[in-house]
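Novice:
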Amino acid sequence: MQKIDVVTVDGPAGAGKSVATRRLAERLGIEYLNTGAMYRAIALCALRENVALTDADALTRIARERRLESRSGRVFLDDEDVSDAVRSPKVSQSVKYPAGAPSVRAILVEKQREIGLSRPIATEGRDQGTVVFPDALCKFYLTASPKERARRRFGEYQRRGETVDFDELLRQIVERDRQDSEREIGPLKRPEDAVSIDSDGKTVEEVVAEMERIVREKRREAGF
Ligand code: DC
Numbered sequence: 010m011q012k013i014d015v016v017t018v019d020g021p022a023g024a025g026k027s028v029a030t031r032r033l034a035e036r037l038g039i040e041y042l043n044t045g046a047m048y049r050a051i052a053l054c055a056l057r058e059n060v061a062l063t064d065a066d067a068l069t070r071i072a073r074e075r076r077l078e079s080r081s082g083r084v085f086l087d088d089e090d091v092s093d094a095v096r097s098p099k100v101s102q103s104v105k106y107p108a109g110a111p112s113v114r115a116i117l118v119e120k121q122r123e124i125g126l127s128r129p130i131a132t133e134g135r136d137q138g139t140v141v142f143p144d145a146l147c148k149f150y151l152t153a154s155p156k157e158r159a160r161r162r163f164g165e166y167q168r169r170g171e172t173v174d175f176d177e178l179l180r181q182i183v184e185r186d187r188q189d190s191e192r193e194i195g196p197l198k199r200p201e202d203a204v205s206i207d208s209d210g211k212t213v214e215e216v217v218a219e220m221e222r223i224v225r226e227k228r229r230e231a232g233f
């Protein structure tokens, strides 16, 4: 298979994919793509427009008709930077609907593929190494234990001044793992050819350094 100059980072919610992938992209001087933010942007749009989240056709229309773009690691919905708005607890609770709609996935997968074919990227999500970029040069599967992931999410909310219950957060993470893994299309699954990294007890810097070393080696071997 002809490889393309794309780095994929898949893994469960809260494993540290966003921060690690963003920093990795910075170090490599390539673009960062946050595909979870794309699914979240569809949910945000539906919430704002009072569209029923269970209406897959309406969600598909949003995905098709609204302009969803990724620029410098930020996600834009019709030119509005919604990168922060899509992180709200309400959007987090609603994102399973667009993520579970096969027709929405088909549209977003195509957009992601287009982006990755146009320039080198480091992209994070659930299906990047399996479905969207099976031909990616370098694939990672980043994990951490549910408790560690809940602690990280808890810290994120606290820093933003939002109050959430830790046990509730842990319950949501376990539930989201289940939904992500059991989804028929684009489920969370370790790509067979991915390098697995467990981020428990590791700093972001350690994780990124390990990834960077592997990517540089693979890029050198491939002549990119
Ligand atoms: O990584 P995140 O928490 O921002 O992802 C939000 C949701 O979107 C999550 O429930 C899984 C889903 N998702 C997906 O189905 N496929 C992707 N490539 C990325 C995220």
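Just so you know, we're using this note's numbering here: the sequence shown kicks off at 10 and counts up by one.
Glycine is no exception: its CB is placed at the ideal position from the N, C-alpha and C atoms.
Taking the alpha carbon of Lys5 as the point to measure from, which residue in Lys198, Leu178 and Asp144 has its own alpha carbon closest?
Specialist: In the structure as shown, the chain begins at 10 and stops at 233. Residue 5 is therefore absent and cannot be evaluated.
Novice: Tell me whether Thr139 sits in a helix, a strand or coil according to DSSP, three-state version.
Specialist: In this structure, Thr139 counts as helix in the three-state DSSP scheme.
Novice: Grab the span of the alpha helix (DSSP H) containing Lys156 for me, first residue to last.
Specialist: Pro155 to Arg168
Novice: Taking only three categories from DSSP, how would you classify Asp19?
Specialist: Assignment of Asp19 by DSSP, reduced to helix, strand and coil, places it in the strand class.
Novice: Measuring alpha carbon to alpha carbon, tell me which residue in Thr63, Thr44, Leu68 and Glu35 is nearest Ile51.
Specialist: Answer by Cα proximity: Leu68.
Novice: Here's the rule: buried if 16 or more other CB atoms are within 10 angstroms of the residue's CB, otherwise exposed. What is Arg158?
Specialist: buried
Novice: Ends of the alpha helix (DSSP H) at Ala46?
Specialist: For Ala46, the uninterrupted alpha helix (DSSP H) segment begins and ends at Thr44 to Arg57.
Novice: Comparing alpha-carbon positions, which option in Glu35, Leu151 and Leu117 lies nearest Ile194?
Specialist: Leu117
Novice: Cβ of Tyr48 within 9 angstroms of Cβ of Pro143?
Specialist: no
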